[in-house]
Amino acid sequence: MRIFFCVEVAQLHILCAIFLIALTSLAQARELVRVGAYHFPPYIIKPESQNASGLLPELLVLLNQAQEDYRFELVPTAVSRRYRDFQDARFDLILFESPSWGWEDIPKSAVDLLIEDAEVYVARAEAGRGESYFDELKGKRLALYNGYHYGFAGFNADQNYLTTTYDAVLTYSHDSNLMMLQRSRADIVVITRSYLRLYRQRHPEQSQALLVSQRLDQAYHHHALLRPQAPIGPQAFADLLQALRSSGQLQILLDRYHLPAVVQTTKQGPG
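Per my numbering, residue 89 is the first one in the sequence shown, and the count goes up by one each step.
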């Protein structure tokens, strides 16, 4: 009896091994697509970490689950060198890039993500202070995110230019900038609108203390950029996004990050 039991256990181990080998072969059969990612909350938070979070990692999970031809993996980069890394083929694809950020002359294919966001000005709410407070930025202490391109500065992200021209303090944290604002160490913060909405959702008690401008510093119209030699072509990637959009999965994800739907007026495809 013991002999038969041992044989059955051995057969079970063999079947499990065959199953794991099959899964490994399936994963290896997928074409690897490396996706560049830099710290850009709420789109991607700490991409160098095993616990990377944000919209992008969740989107890649959906893309990997939706098909069996490609395997999308994060490759960490930095905001200041992402275009150089892109041209050096450290990764194949980068998402959530807006046309005014300096990639117009880079060899690439661009796919319109049909996702929009914006940068807004935020100050402390004080008696008598209104929208006109944001009319003039010079002479006010600005808290900005290092490496970002801002509309008021002509999209010049140079650190020395921003600090000398606009008396700006540059950090790597939206939360730190908002804390500087609350402690009167800054007069105006420029922040991604979707992130601000998430912040106010997490800290509703602070909402009344913030004055948010109606005027935008800039509007994002996000695109995905693919290298000319990327394993996936622009039309194939656009088709994957459209499938997620048609199933409703993409909008559910965007809603969690306070990103409204963009009306699609033409057939989605590479731009």
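No residue lacks a Cβ here, since even glycine has one placed at the ideal position from N, Cα and C.
Grab the span of the alpha helix (DSSP H) containing glutamine 306 for me, first residue to last. Here residue 306 refers to the residue found at position 218 when the sequence shown is read from its first residue. Run containing glutamine 306: none in the alpha helix (DSSP H); it sits in the beta strand (DSSP E), 298 to 314.
What are the boundary residues of the beta strand (DSSP E) that valine 257 is part of? For the purposes of this step, residue 257 is taken as the residue at position 169 of the sequence shown. It spans 256 to 259 - the beta strand (DSSP E) in which valine 257 sits, taken as one unbroken run.
Around the C-beta of threonine 112, are 16 or more other C-beta atoms found within 10 angstroms, so that it is buried, or is it exposed? Here residue 112 is taken as the residue at index 24 of the sequence shown, counted from 1. Reliability fails at threonine 112, whose pLDDT of 48 lies under 50, so the model's placement of it is uncertain and the value that follows must be treated cautiously. That one is exposed.
Skipping 5 residues on each side, what residues in its chain have a beta carbon closer than 8 Å to that of proline 129? Within the sequence shown, numbered from 1, the residue matching residue 129 stands at position 41. Taken in chain order, the residues that qualify are Gly142, His262, Thr280, Tyr283.
On the DSSP bridge list, what partners appear for proline 164? Looking up residue 164 in the sequence shown gives position 76. Ala125.
Taking the straight line between their C-alpha atoms, what separation do you get for aspartate 343 and glutamine 330? Indexing the sequence shown from 1 puts residue 343 at position 255. Indexing the sequence shown from 1 puts residue 330 at position 242. If you take the alpha carbons of aspartate 343 and glutamine 330, they lie about 17 Å apart.
Beta-carbon proximity of alanine 125 to valine 163, cut-off 9 Å: Numbered from 1 along the sequence shown, position 37 holds the residue referred to as residue 125. Numbered from 1 along the sequence shown, position 75 holds the residue referred to as residue 163. Yes, the pair counts as a contact, with Cβ atoms nearer than the cut-off.
Rounded to whole angstroms, what is the Cα-Cα separation between isoleucine 182 and threonine 259? Counted from its first residue, the sequence shown places residue 182 at position 94. Counted from its first residue, the sequence shown places residue 259 at position 171. So the two alpha carbons sit approximately 23 Å from each other.
Inter-residue CB distance, arginine 122 and lysine 196 (contact presumed, cutoff 8 Å): Within the sequence shown, residue 122 is the residue found at index 34, counting from 1. Within the sequence shown, residue 196 is the residue found at index 108, counting from 1. Actually they are not in contact, since the Cβ atoms of arginine 122 and lysine 196 sit about 14 Å apart, beyond 8 Å.
Near glutamine 337, which residues of its chain fall below 6 Å by C-beta distance, leaving aside the five closest residues on each side in sequence? Residue mapping note: residue 337 aligns to position 249 of the sequence shown, counting from 1. The answer, listed in chain order, is Leu150.
Candidates Ser186, Ser168, His291: closest to aspartate 246 by CA position: Residue mapping note: residue 246 aligns to position 158 of the sequence shown, counting from 1. Of Ser186, Ser168, His291, the residue nearest in Cα terms is Ser168.
Taking only three categories from DSSP, how would you classify aspartate 200? Mapped onto the sequence shown, residue 200 falls at position 112. Aspartate 200: strand per DSSP, three-state reduction.
If contacts are defined as beta-carbon pairs under 8 Å, then arginine 229 and leucine 299 qualify, I think. What distance do you get, rounded to the angstrom? Here residue 229 refers to the residue found at position 141 when the sequence shown is read from its first residue. Here residue 299 refers to the residue found at position 211 when the sequence shown is read from its first residue. The pair is not a contact, with the Cβ atoms about 15 Å apart (cut-off 8 Å).
Where valine 149 falls: helix, strand or coil (DSSP): Translated into positions along the sequence shown, residue 149 becomes position 61. Helix at valine 149.
Assuming histidine 310 and glutamate 185 make a contact with CB atoms under 8 Å, what is their CB distance in whole Å? Position 222 of the sequence shown holds residue 310. Position 97 of the sequence shown holds residue 185. Yes, histidine 310 and glutamate 185 are in contact; Cβ-Cβ is about 7 Å, under 8 Å.
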